[in-house]
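S.K.: First the structure, which I've put down as structure tokens, then a few questions once you've had a look.
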Amino acid sequence: MDFPILSAIIFLPFLGALFIFLSGHKDENKSAIYIALFTSIANFLLTLFLWQSFDKSYSGFQFIEEKNWISGFIKFKLGIDGISTLFIVLTAFITPICIVSCINSVKKRLNEFLIAILILETFILGVFCSLDLIVFYLFFEAGLIPMFLIIGVWGGPRRIYSAYKFFLFTLLGSVLMLAAIIFIYWSIGTTDYTEIYKIKIPQEYQYILWLAFFSSFAVKTPMWPVHTWLPDAHVEAPTAGSVILAAILLKMAGYGFIRFSLGMFPIASDFFTPLVFTLSIIAIIYTSLVALMQEDLKKLIAYSSVAHMGFVTLGIFTFNKQGIEGSMFQMISHGIISAALFLCVGVLYDRTSSRMIKNFGGVVNYLPNFSFIFIIFVLGALGLPGTTGFVGEFLVLIGAFKSNYLVAILASTGVVLCAAYMLWMAKRVVFGDTNKTTISSLKDINYLESSVLIILCLATIIFGFYPEPLLNTMDVSVTGIINNHNNELAIKLTNNN
Numbered sequence: 015m016d017f018p019i020l021s022a023i024i025f026l027p028f029l030g031a032l033f034i035f036l037s038g039h040k041d042e043n044k045s046a047i048y049i050a051l052f053t054s055i056a057n058f059l060l061t062l063f064l065w066q067s068f069d070k071s072y073s074g075f076q077f078i079e080e081k082n083w084i085s086g087f088i089k090f091k092l093g094i095d096g097i098s099t100l101f102i103v104l105t106a107f108i109t110p111i112c113i114v115s116c117i118n119s120v121k122k123r124l125n126e127f128l129i130a131i132l133i134l135e136t137f138i139l140g141v142f143c144s145l146d147l148i149v150f151y152l153f154f155e156a157g158l159i160p161m162f163l164i165i166g167v168w169g170g171p172r173r174i175y176s177a178y179k180f181f182l183f184t185l186l187g188s189v190l191m192l193a194a195i196i197f198i199y200w201s202i203g204t205t206d207y208t209e210i211y212k213i214k215i216p217q218e219y220q221y222i223l224w225l226a227f228f229s230s231f232a233v234k235t236p237m238w239p240v241h242t243w244l245p246d247a248h249v250e251a252p253t254a255g256s257v258i259l260a261a262i263l264l265k266m267a268g269y270g271f272i273r274f275s276l277g278m279f280p281i282a283s284d285f286f287t288p289l290v291f292t293l294s295i296i297a298i299i300y301t302s303l304v305a306l307m308q309e310d311l312k313k314l315i316a317y318s319s320v321a322h323m324g325f326v327t328l329g330i331f332t333f334n335k336q337g338i339e340g341s342m343f344q345m346i347s348h349g350i351i352s353a354a355l356f357l358c359v360g361v362l363y364d365r366t367s368s369r370m371i372k373n374f375g376g377v378v379n380y381l382p383n384f385s386f387i388f389i390i391f392v393l394g395a396l397g398l399p400g401t402t403g404f405v406g407e408f409l410v411l412i413g414a415f416k417s418n419y420l421v422a423i424l425a426s427t428g429v430v431l432c433a434a435y436m437l438w439m440a441k442r443v444v445f446g447d448t449n450k451t452t453i454s455s456l457k458d459i460n461y462l463e464s465s466v467l468i469i470l471c472l473a474t475i476i477f478g479f480y481p482e483p484l485l486n487t488m489d490v491s492v493t494g495i496i497n498n499h500n501n502e503l504a505i506k507l508t509n510n511n
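Taking the numbering used here, I'd label the letters of the sequence shown as residues 15 to 511.
Here is the structure:
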């Protein structure tokens, strides 16, 4: 294909943001929303075309674009495989949902908010398309800026504190990754991922480089104990900010673990697997218990995100097909379901200006349509069969049992705890005692809100019953990662002997 489709997908949202900026419309004029919505939907359709055109039987990178950039020694190189394709589609799918959700919730500087969302989409898409470490790092870190503004400008009462905490945690975690990238260029002579993958990084360097990349990805995932920025960021962020943070931003780290930690440092990844298993189990159990104690809906869902991402990191480092594919599917599932749950919280907050569970109860009596859809997402979050949540967790646990029985058994307790806090929350909000002073005058979800939630609901159920399109897309690329890992370990064993 001669058309640079990846560049088009990356920079189309940026062009939409530039058009909104140059148009100079005031917030009262809704044309900015139409521009942003048109741009994001067009980009989503373009990603669907990319997915349809993707050759699922080929394990290498496709649609490669390569241009000399900085003095010829750093190339602006793009390409995708079965691992990155699904995250590109997910990003483009979630963005128009974020734009629709801000129509009623963002009361000031609407134009600037839409610009921030579109620019953030550009940076995130750049992360998933980059095949050069420097380009990846620039996109990876640039995403901090619009997210920092989204939280700091349009967030809640403690928005400044939460924005700075988010920014400093994630930035400091990435400093070591930058140092590692510079060292890779100094020792190998290139930052081209495809070349590094072929050349292989010497074993004696892999351990320290793995830790440097891990410092960044662990914070962004986030893993315990560097997860504390996430609940604060979610609570203070506007609804659209929480949606894009949970649904997409967290997935960049999971993608980084698969692409770079496993791809470039397979021996070190195997060595540090007990560390990752330990941190993942702690995250699953500890944050689930913390979620049980929450009275703020957003904070409860935020802690559940940490627990669900614990399953992701656990599955990635099982080094088997079920575990890695399960972790990828879990990320896609979490992207859909967490986005929906935060939108549901936004629906209640827009009507009551409260997120406290104690202020609700008996919502089903006054918002029956909302309650029906909300319960579907609650069941999806706890992994009910027939939803995407079940497929991801089931595959991860199968992979974990093949890798380590004890780890799998401990991780299974997270499924029980998730059911406990999600059902306990649903009982108090939807089926609890009616709090007439808070909800008796509330109106059920309108056409716009129901349309967005129904789309997410359909995605949750359709891919829950028929996950093959997603699994087939990632299958060959995941197999390639596993084979590379096994070959590297075999070479190491041969050299030791």
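Ideal Cβ positions, reconstructed from N, Cα and C, are used throughout, including at glycine.
Could you pull out every unbroken beta strand (DSSP E) segment of at least 3 residues lying fully inside the segment 75 to 156, listed in chain order?
M.R.: Whole beta strand (DSSP E) segments, 3+ residues: 76 to 84, 88 to 94.
S.K.: Quick one, which of 402, 466, 425 has its alpha-carbon nearest residue 476's?
M.R.: Nearest of 402, 466, 425 to residue 476, Cα basis: 402.
S.K.: Tell me the residue span of the alpha helix (DSSP H) that contains residue 464.
M.R.: Here the alpha helix (DSSP H) through residue 464 covers 461 to 479.
S.K.: Report buried or exposed for residue 367, applying the criterion of at least 16 other Cβ atoms within 10 angstroms of its Cβ.
M.R.: Per the 10 Å Cβ criterion, exposed.
S.K.: Could you check the C-alpha separation between residue 231 and residue 284 for me, to the nearest Å?
M.R.: Those two C-alpha atoms are separated by around 17 Å.
S.K.: Using the beta-carbon count (16 or more within 10 Å), is residue 91 buried or exposed?
M.R.: Counting Cβ neighbours within 10 Å, residue 91 comes out buried, since at least 16 surround it.
S.K.: Which residue spans inside the segment 404 to 446 form an unbroken alpha helix (DSSP H) run of at least 4?
M.R.: The segment 404 to 446 contains these whole alpha helix (DSSP H) runs: 419 to 443.
S.K.: When the Cβ atoms of the segment 261 to 280 are set against those of the segment 291 to 310, are three or more pairs found closer than 8 Å?
M.R.: Touching, no.
S.K.: Name the residue from 365, 349, 408, 461 whose alpha carbon lies nearest to the alpha carbon of residue 470.
M.R.: Checking every option, the nearest Cα to that of residue 470 belongs to 349.
S.K.: Is it right to say residue 423 is buried, meaning 16 or more other beta carbons lie within 10 angstroms of its own, or is it exposed?
M.R.: Result: exposed.
S.K.: Can you find the residues in the same chain that come closer than 7 Å, C-beta to C-beta, to residue 18, ignoring five residues on each side of it along the sequence?
M.R.: Excluding positions up to five away in sequence, the list reads 79.
S.K.: Measure the alpha-carbon distance for residue 365 versus residue 357 and round it to whole angstroms.
M.R.: Going from the Cα of residue 365 to the Cα of residue 357 covers about 13 Å.
S.K.: Which value, in whole angstroms, describes the spacing of the CA atoms of residue 374 and residue 473?
M.R.: Their Cα atoms are separated by approximately 28 Å.
S.K.: Would you please state the rounded distance, in angstroms, between the beta carbons of residue 101 and residue 265? I believe it to be under 8 Å.
M.R.: About 6 Å; that satisfies the 8 Å criterion.
S.K.: Over what stretch of residues does the alpha helix (DSSP H) that includes residue 248 continue unbroken?
M.R.: Counting along the chain, the alpha helix (DSSP H) containing residue 248 begins and ends at 243 to 250.
S.K.: Along the alpha helix (DSSP H) that carries residue 371, what are the first and last residues, could you check?
M.R.: Taken as a continuous stretch (DSSP letters only), residue 371 belongs to no alpha helix (DSSP H), as it is neither H nor E.
S.K.: In the DSSP assignment, what residue or residues form a beta bridge with residue 310?
M.R.: Per DSSP, 370.
S.K.: I need the DSSP call for residue 206, collapsed to helix, strand or coil.
M.R.: Correct three-state label for residue 206: strand.
S.K.: Tell me the DSSP secondary structure of residue 401 in three-state form.
M.R.: Three-state result, residue 401: coil.
S.K.: Tell me whether residue 312 is buried or exposed, calling it buried when 16 or more other Cβ atoms sit within 10 Å of its Cβ.
M.R.: With 16 or more other Cβ atoms within 10 Å, it is buried.
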